[in-house]
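Asker: Attaching a single structure in structure tokens format; questions to follow.
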Amino acid sequence: MFRRIIDASRPALTIFIDGAPFEAREGDSVAAALLGSGRLTTRTSALSGAPRAPYCLMGTCFECLVTIDGVGNRQACMTAVQSGMRIETRHGKRNFGA
Amino acid sequence: MSDLARREFDFAVVGGGLVGMAIAWGLAGRGRKVVVLDGGDLDFRASRGNFALVWVQSKGAGMPEYGCWTMQSSRLWPQFASLLGEQTGLDVCFSKPGGLHLLLSDREMENRTNALQRLHNQPGMEALEYEMLDHGRLEKMLPQIGPEVAGASFCPQDGHVNALRLLRALHVAFARLGGDYRSNHLVSRIEPRGGEFSLSTANGVFTAGKLVLAAGLGNSRLAAMVDLNALVRPQRGQIIVTEKVAPFMHYVVHTIRQTDEGGVMISDSVEEADYDASIGSEVLSVMAARAARMFPLLARLNVVRCWAALRVMPQDGFPIYDQSRSFAGAFIATCHSGVTLAANHALVLPALIDAGALPNDLQAFSTQRFDVPAHH
Numbered sequence: 008m009f010r011r012i013i014d015a016s017r018p019a020l021t022i023f024i025d026g027a028p029f030e031a032r033e034g035d036s037v038a039a040a041l042l043g044s045g046r047l048t049t050r051t052s053a054l055s056g057a058p059r060a061p062y063c064l065m066g067t068c069f070e071c072l073v074t075i076d077g078v079g080n081r082q083a084c085m086t087a088v089q090s091g092m093r094i095e096t097r098h099g100k101r102n103f104g105a
Numbered sequence: 002m003s004d005l006a007r008r009e010f011d012f013a014v015v016g017g018g019l020v021g022m023a024i025a026w027g028l029a030g031r032g033r034k035v036v037v038l039d040g041g042d043l044d045f046r047a048s049r050g051n052f053a054l055v056w057v058q059s060k061g062a063g064m065p066e067y068g069c070w071t072m073q074s075s076r077l078w079p080q081f082a083s084l085l086g087e088q089t090g091l092d093v094c095f096s097k098p099g100g101l102h103l104l105l106s107d108r109e110m111e112n113r114t115n116a117l118q119r120l121h122n123q124p125g126m127e128a129l130e131y132e133m134l135d136h137g138r139l140e141k142m143l144p145q146i147g148p149e150v151a152g153a154s155f156c157p158q159d160g161h162v163n164a165l166r167l168l169r170a171l172h173v174a175f176a177r178l179g180g181d182y183r184s185n186h187l188v189s190r191i192e193p194r195g196g197e198f199s200l201s202t203a204n205g206v207f208t209a210g211k212l213v214l215a216a217g218l219g220n221s222r223l224a225a226m227v228d229l230n231a232l233v234r235p236q237r238g239q240i241i242v243t244e245k246v247a248p249f250m251h252y253v254v255h256t257i258r259q260t261d262e263g264g265v266m267i268s269d270s271v272e273e274a275d276y277d278a279s280i281g282s283e284v285l286s287v288m289a290a291r292a293a294r295m296f297p298l299l300a301r302l303n304v305v306r307c308w309a310a311l312r313v314m315p316q317d318g319f320p321i322y323d324q325s326r327s328f329a330g331a332f333i334a335t336c337h338s339g340v341t342l343a344a345n346h347a348l349v350l351p352a353l354i355d356a357g358a359l360p361n362d363l364q365a366f367s368t369q370r371f372d373v374p375a376h377h
């Protein structure tokens, strides 16, 4: 659905989305990479279970929460991708400590 | 009809927080015509900053009547919650899993044991089921406790609720009964005249046959207008809220609870801060550190919000219920624990106020306890 409009000039790097390798570009936000990977939803709501996706892309709406390198509920739009980063999309409440 | 028109009501309730709305709902349910005159959104509103416990253990030291009054409300809470649910379709998420007061040293353990013993040895104190648990027994209930936790006091009567939904449900239920709620109607003057009361607000004058002052911190100012002496002061409480996670805490801890929606609330501070509702990282970091000593795994949770609220504290910590001796029909109701006591305020107090007299067993809560005895 989303098409990259700029630049092959930025170096490619590999991240892992739900375990699968994906080629992103240096400078991409995690949210941009998730959308670029073809995903239209990146989590389900902790309360209603409704599907959610990156929306404001500027840190305000908290719709883009994902687990990044084991830390839950991080804002994908406010985090730059790094080589080898592991991103987990989320379904329902984060399971924690039980 | 314009807002400036004179209105006639059986009751004017001043204050639209948990205390005022519970009483107003109870009065409206008795068929009375009730107006609630509330302040604005930016006023100090304890009902939006409480910790939402329905808490029984430890209530009533120095006034056993308060302990009994609290237990009565705890017993009425299931009925109260289901009535609100029936009338509004809103689930206030009341549950009574039992509550734990965690203790972080042998010294805290000993102090707690003695304090609860003194509380329950008071003449007139109703028996309350509670027990002291050592680390081993506590760990069987709450496997996530840290090694520094010495033990806890446990009371099966303690519970909690979704307090924001409680406030909303009371407003919805009151409106469905035909109650008239007015926000931005701060009462500036009360004039008793001819057996009724005239209340002035920036948005008009209201008249009512009877009056209930339930304005929290505003009650000190308002009580004087009907010749009552009610001393309340603000106490700042700060709250930390984490991200929502799957349920893992199956009991309520007095300073830490997991809400029905999954967030963990931490509140472990009491400050005499006058009318300053700001938050401060110093207190918040102490709260967070204590919480992480109780439950080390909390350190891995993301904090999403912190806030502070001014809670209402009567001078001696106990609720105030009274009727003006100079102006019959002018009642006051104010307390610290507006959530715990909400069932009493909704199901017990309205009938008494409606009948026009508070019974002798509520005499302990009268403002007369603040009167200085004359010197002989």
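Protein sequences, first through last, are from chains A and B.
Following this note's numbering from start to finish, the first sequence increments by one per residue and tops out at 105.
Following this note's numbering from start to finish, the second sequence increments by one per residue and tops out at 377.
Just so it is clear, CB atoms sit at the ideal spot from N, CA and C, and this is done for glycine as well.
Keep in mind it's a predicted model, so treat the numbers as computed, not measured.
#1: Out of B:Met288, B:His255, B:Gln158, which has the shortest C-alpha to C-alpha gap to Ser75 (chain B)?
#2: Would you mind stating whether Arg113 (chain B) and His121 (chain B) have Cβ atoms separated by less than 8 angstroms?
#3: Near Pro315 (chain B), what residues of its chain come up, given a Cβ to Cβ distance below 6 angstroms and the 5 sequence neighbours on each side ignored?
#4: Is the Cβ-Cβ distance between Ile24 (chain A) and Val88 (chain A) less than 8 angstroms?
#5: So that I know if they touch, is there some Cβ in chain A lying closer than 8 angstroms to that of Gly263 (chain B)?
#6: Could you round the C-beta distance between Met133 (chain B) and Ser154 (chain B) to whole angstroms and report it? I think they count as a contact, below 8 angstroms.
#7: State the DSSP-derived secondary structure class of Val242 (chain B), mapped to helix, strand or coil.
#8: Run through the stretch 108-184 of chain B for me and flag every whole beta strand (DSSP E) of 3 or more residues, listed as ranges in chain order.
#9: Quick one, which residues of the stretch 231-247 of chain B are near chain A if we go by CB-CB under 7 angstroms, in chain order?
#10: Do you know offhand how far Leu359 (chain B)'s Cα is from Gln369 (chain B)'s?
#11: Is it buried or exposed, Glu66 (chain B), if we count other Cβ atoms within 10 angstroms and call 16 or more buried?
#12: Specify the secondary structure class of Asp4 (chain B) as computed by DSSP and reduced to three states.
#13: Applying a beta-carbon distance threshold of less than 9 angstroms, which residues of chain B neighbour Gly79 (chain A)?
#14: At which residue ranges does the stretch 270-348 of chain B contain complete alpha helix (DSSP H) runs of 4 or more residues, listed in the order of the chain?
#15: Roughly how many whole angstroms lie between the Cα atoms of Ser270 (chain B) and Leu214 (chain B)?
#16: Skipping 5 residues on each side, what residues in its chain have a beta carbon closer than 7 angstroms to that of Ser386 (chain B)?
#17: Is it a yes or a no for the stretch 303-311 of chain B touching the stretch 187-198 of chain B, going by three-plus beta-carbon pairs under 8 angstroms?
#18: Listed from N- to C-terminal order along the chain, which residues in the stretch 43-67 of chain A have their beta-carbon within a distance smaller than 9 angstroms of any beta-carbon of chain B?
#19: Ordered along the chain, which non-local residues of its own chain (more than five positions away) have a Cβ less than 6 angstroms from that of Phe296 (chain B)?
#20: CA-CA distance, Met2 (chain B) and Phe10 (chain B)?
#21: Should Leu47 (chain A) be labelled buried (16 or more other beta-carbon atoms within 10 Å of its own) or exposed?
#22: Please report the straight-line C-alpha distance between Gly264 (chain B) and Arg101 (chain A), rounded to a whole angstrom.
#23: Look up Ala105 (chain A) in the DSSP assignment and say whether it is helix, strand or coil.
#24: Shorter than 8 angstroms from the beta carbon of Arg101 (chain A) to some beta carbon of chain B?
#25: Please name the residue, chosen from B:Pro98, B:Ala13, B:Val36, B:Gly61, that lies closest to Val254 (chain B) on a Cα-to-Cα basis.
#26: Taking only three categories from DSSP, how would you classify Thr51 (chain A)?
#27: Can the beta-carbon of Gln88 (chain B) be found less than 8 angstroms from the beta-carbon of Ala164 (chain B)?
#28: So, using beta-carbon positions, are Cys68 (chain A) and Ser36 (chain A) closer together than 8 angstroms?
#29: Assuming Asn378 (chain B) contacts Gly41 (chain B) under a Cβ cut-off of 8 angstroms, what Cβ separation, rounded to an integer in Å, is found between them?
#30: Measure the beta-carbon distance from Gly79 (chain A) to Glu244 (chain B) and round it to whole angstroms, keeping in mind my assumption that it falls under 8 angstroms.
#31: For Arg46 (chain B), name the three-state secondary structure that DSSP assigns.
#32: Quick check on the burial criterion: 16 or more other C-beta atoms within 10 angstroms. Buried or exposed for Met65 (chain A)?
#33: Taking C-beta to C-beta, are Phe95 (chain B) and Gly18 (chain B) nearer than 8 angstroms?
#34: Looking at the ligand MG, does it come within less than 7 angstroms of Glu283 (chain B), judged from the CB to the closest heavy atom?
#35: Rounded to a whole number of angstroms, what is the C-alpha to C-alpha distance between Ala13 (chain B) and Thr71 (chain B)?
#36: Determine the contact status of Val36 (chain B) and Arg183 (chain B), defining contact as a CB-CB distance below 8 angstroms.
Answerer: Answer, in terms of the structure:
#1: B:Gln158
#2: no
#3: Val233, Ile321
#4: no
#5: yes
#6: 6 angstroms
#7: strand
#8: 132-135, 152-156, 181-183
#9: Glu244, Lys245, Val246, Ala247
#10: 14 angstroms
#11: buried
#12: Low confidence applies to Asp4 (chain B): its pLDDT is 47, below 50, so where it sits in the model is not reliable, and the reading given next is rough at best. Three-state DSSP puts Asp4 (chain B) in coil, outside helix and strand.
#13: Glu244, Val246, Arg301, Leu302, Asn303
#14: 282-295, 343-348
#15: 28 angstroms
#16: Any answer about residue 386 (chain B) is impossible in this case: the structure gives chain B only from 2 up to 377.
#17: no
#18: Ala53, Leu54
#19: Gln145
#20: A caution first: Met2 (chain B) carries a pLDDT of 43, below 50, which makes its placement in the model unreliable, though a value can still be read off. Cα-Cα distance, rounded: 15 angstroms.
#21: exposed
#22: 11 angstroms
#23: In this predicted model, Ala105 (chain A) has a pLDDT of only 42, less than 50, meaning its place in the structure is not dependable enough to derive any value.
#24: yes
#25: B:Pro98
#26: strand
#27: no
#28: no
#29: Absent from the model: residue 378 (chain B). The displayed extent of chain B is 2 to 377, so no value can be given.
#30: 7 angstroms
#31: coil
#32: exposed
#33: no
#34: For the structure depicted, the ligand MG is absent and the ligand set is empty, with no information on it obtainable.
#35: 26 angstroms
#36: yes
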